[in-house]
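Taking it in order: structure first as structure tokens, then the write-up.
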Amino acid sequence: MPEYSTASQERIPFPRKLAYGAGALANNLLGAAIGMMSIVLVTGLKLNPAVVGLLMAIPRLTDALTDPMMGYVSDHTRSRWGRRRPYIFVGALVAGVVFAFLWQLPAGYSDSFYFWYFLLGSIVFYLAYTVFATPWVAMGYELTPDYNERTRLMGVANFIGQFAWVAVPWFYAIMENDALFEDSVAGARGLAIAIGIFVALVGIVPAVFCRERFSESDLSPEAGYEGASSFLEGLKRNAVGFAKGFWATIRFLPFLKLCGATFLVFNGFMLVSSFSSFVIIYYVFGGDQDGGARYIGWFGTVSSVSTFCVILLVTWVSARLGKRRTFFVATGISIVGYGLKWFCYDPQQPQLLLLPAPLIAFGLGALFTLMGSMVADVCDLDELETGERREGMFGSIFWWVVKLGMALALALSGFLLNVTGFDAELGGGQAERTLFLLRVFDILVPMLTSGIAIWIMASYRLTEARALEVRRELERRRGRVGQET
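The opening residue of the sequence shown carries number 0 in numbering that gives the first Met the number 0; numbering runs sequentially from there.
Now the structure itself:
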């Protein structure tokens, strides 16, 4: 493997890495909070788990159109503030406000009312979320041309974003706290306001303090309606350009492998993520929601703290083993962690359930540190072959695949929970078969999906050596060899 050191002009100043990482904190908090807080819809409003699964899934399916469109718009925007920054700024503000309103659920209404209120509100929320998140992701792909500096940037961003996962596992305990709120639904109202304000303030930081690397002379000249004789002609041209860019992106094999592996690792985890909570509450603690909530919080906290260490370790190891091999090692360790849960779900010794957490943390901790860096490499390879920079399109489709999988996982999780025979009205009196199936699904599903992801990445061929060749050729084309900043 080639050995080289990152040139000083290609290193991103640490304060700028922190600024970009603030976007990860806002991004993760929005994505994780809505999933964790959805438990209130089952335990507080007594909605059917399958219905709640649909409520979580349907709005994400709209991202199939809005994410790639936002990516295309971001790629083709030309403004005095850059391609990404205006959208990041506005999107963060609007997403924070809409999230706060989404959870102001009034009491005493029918299940049908809650369904439509939450469904329509979620669609608006995810639209605002897309306006923020898609350009923010794309900005990270272009901040540096250096192979290893990209991993360092993603490591810092993932590290900062991980603080969201430290806090989120405690959200249920906060909402259920009788000293703070009269019930969990009231708790969701108050917590959502705090989250919305925080996201609005933190999410704008990348827009204010980060600077985009490419000037207009580096980019494809076709943008907006420039050169079009009419609005309709410009609209038609952009529609054709969007279709061509979308088709070229989804056919790019190295990118598809990254999407497939990410889909499997992340959404294998997401499919049964709520099952761990149900196992802890109803199997380990026999239906004691307060006791279970505390251990859910502790499990999440141990996982998150472990992930901080994993991110630092993976960033260091990746520069020595390469990104693909590091992915194999980290994902393999997480598979061992999932299997260990079977022996650590022990009602007599609940503290044992904390033991698998550090091993499981290797899966997601490595995933988004490595994959973000690898997608940036893919963007370079695509430019070499097409002559266009499409970070927004690649980032939007990559994260749409993640969110599509999340939508399917959330939808299926409700039905899968019904398959186990779980009944919230029974409390701690769940059937033995139900408790057994909860544990089986919780453990086997992520083990299988992670194993398939390793198999897919075994044929990924964009190595460090190839990435360096691609970069040199791009610099030669621009007449800027050694000049990238």
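Note that the Cβ used here is the ideal one computed from N, Cα and C, for glycine as well.
Residue i classed as buried or exposed, judged by whether at least 16 other C-beta atoms fall within 10 angstroms
{"i": "LYS256", "result": "buried"}
{"i": "PRO168", "result": "buried"}
{"i": "GLU141", "result": "buried"}
{"i": "SER412", "result": "buried"}
{"i": "ARG460", "result": "exposed"}
{"i": "GLU382", "result": "buried"}
{"i": "ARG432", "result": "exposed"}
{"i": "ASP62", "result": "buried"}
{"i": "LYS45", "result": "exposed"}
{"i": "TRP454", "result": "exposed"}
{"i": "ASP177", "result": "exposed"}
{"i": "LEU28", "result": "buried"}
{"i": "GLY362", "result": "buried"}
Bounding residues of the alpha helix (DSSP H) (the contiguous stretch that carries residue i)
{"i": "THR76", "result": "Neither: THR76 is in no alpha helix (DSSP H) and is coded neither H nor E."}
{"i": "ARG319", "result": "288-320"}
{"i": "LEU60", "result": "48-60"}
{"i": "CYS209", "result": "Element bounds for CYS209: n/a, residue is neither H nor E."}
{"i": "PHE170", "result": "170-174"}
{"i": "PHE421", "result": "Per DSSP, PHE421 belongs to no alpha helix (DSSP H) and is neither H nor E."}
{"i": "ALA260", "result": "252-270"}
{"i": "GLU463", "result": "463-477"}
Whole-angstrom distance between residue j and residue i, CA atom to CA atom
{"i": "TYR116", "j": "THR5", "result": "51 Å"}
{"i": "PRO445", "j": "ARG79", "result": "45 Å"}
{"i": "GLY493", "j": "MET174", "result": "An answer regarding residue 493 cannot be provided, because it is not within the stretch 0 to 484 covered by the chain."}
{"i": "SER276", "j": "GLY386", "result": "48 Å"}
{"i": "ARG15", "j": "PRO205", "result": "8 Å"}
{"i": "ARG10", "j": "GLY160", "result": "21 Å"}
{"i": "GLU211", "j": "ARG476", "result": "20 Å"}
{"i": "TRP164", "j": "ALA31", "result": "7 Å"}
{"i": "SER183", "j": "ALA56", "result": "22 Å"}
{"i": "ALA127", "j": "CYS378", "result": "25 Å"}
{"i": "ARG572", "j": "ILE203", "result": "Past the boundaries of the shown model lies residue 572; the chain is included only from 0 to 484, so the question cannot be answered."}
{"i": "VAL400", "j": "ARG250", "result": "14 Å"}
{"i": "ARG471", "j": "THR462", "result": "14 Å"}
{"i": "PHE284", "j": "ALA452", "result": "34 Å"}
{"i": "PHE435", "j": "LEU415", "result": "13 Å"}
{"i": "GLY43", "j": "THR248", "result": "43 Å"}
{"i": "SER320", "j": "LEU425", "result": "The question names Ser, but residue 320 is Leu in the sequence shown. Those two C-alpha atoms are separated by around 51 Å."}
{"i": "SER449", "j": "LEU252", "result": "20 Å"}
{"i": "ARG82", "j": "PHE208", "result": "14 Å"}
{"i": "PHE245", "j": "LEU407", "result": "22 Å"}
{"i": "ARG151", "j": "GLY20", "result": "11 Å"}
{"i": "GLY107", "j": "TYR113", "result": "10 Å"}
{"i": "VAL97", "j": "PHE131", "result": "13 Å"}
{"i": "ARG324", "j": "GLY189", "result": "44 Å"}
{"i": "LYS429", "j": "GLU181", "result": "Reading off the sequence, residue 429 comes out as Gln, not Lys. Approximately 27 Å between the Cα atoms of the pair."}
{"i": "LEU40", "j": "PHE421", "result": "16 Å"}
{"i": "PHE397", "j": "GLN347", "result": "43 Å"}
{"i": "VAL439", "j": "GLY290", "result": "22 Å"}
{"i": "ILE279", "j": "LYS340", "result": "11 Å"}
{"i": "ALA330", "j": "THR368", "result": "It should be pointed out that residue 330 corresponds to Thr in this sequence rather than to Ala. Those two C-alpha atoms are separated by around 13 Å."}
{"i": "GLU468", "j": "VAL304", "result": "37 Å"}
Residue i, DSSP secondary structure in three states
{"i": "GLN429", "result": "coil"}
{"i": "ALA222", "result": "Low confidence applies here, because ALA222 scores a pLDDT of 45, under 50, leaving its location unreliable; read the following figure in that light. Note: ALA222 maps to coil in three-state DSSP."}
{"i": "GLN482", "result": "For GLN482, the pLDDT reaches just 45, beneath the cut-off of 50, and the residue's location in the model is therefore unreliable, leaving the point undetermined."}
{"i": "SER37", "result": "coil"}
{"i": "ASN27", "result": "helix"}
{"i": "ASP379", "result": "helix"}
{"i": "SER7", "result": "helix"}
{"i": "LEU354", "result": "coil"}
{"i": "LEU200", "result": "helix"}
{"i": "PHE277", "result": "helix"}
{"i": "LYS45", "result": "coil"}
{"i": "GLU387", "result": "coil"}
{"i": "GLU327", "result": "Glu is not the amino acid found at residue 327; the sequence shown has Phe there. Residue state, collapsed to three classes: helix."}
{"i": "TYR459", "result": "coil"}
{"i": "PHE361", "result": "helix"}
{"i": "SER228", "result": "In this predicted model, SER228 has a pLDDT of only 45, less than 50, meaning its place in the structure is not dependable; the value taken from the coordinates is given anyway. SER228: coil per DSSP, three-state reduction."}
{"i": "ALA178", "result": "coil"}
{"i": "GLY233", "result": "Only weak support exists for where GLY233 lies, its pLDDT of 49 falling under 50; the value from the coordinates is given anyway. DSSP places GLY233 in helix when its eight states are reduced to three."}
{"i": "TYR344", "result": "coil"}
{"i": "GLY285", "result": "coil"}
{"i": "PRO205", "result": "helix"}
{"i": "PRO12", "result": "coil"}
Neighbour flag for residue i against chain C, beta carbons, 9 Å
{"i": "LEU252", "result": "The chain inventory of the structure shown lacks chain C, comprising one protein chain alone."}
* To do: Tell me the start and end of each unbroken alpha helix (DSSP H) in the stretch 78-152 that is at least 4 residues and wholly inside, in chain order.
  => 84-101 and 110-141
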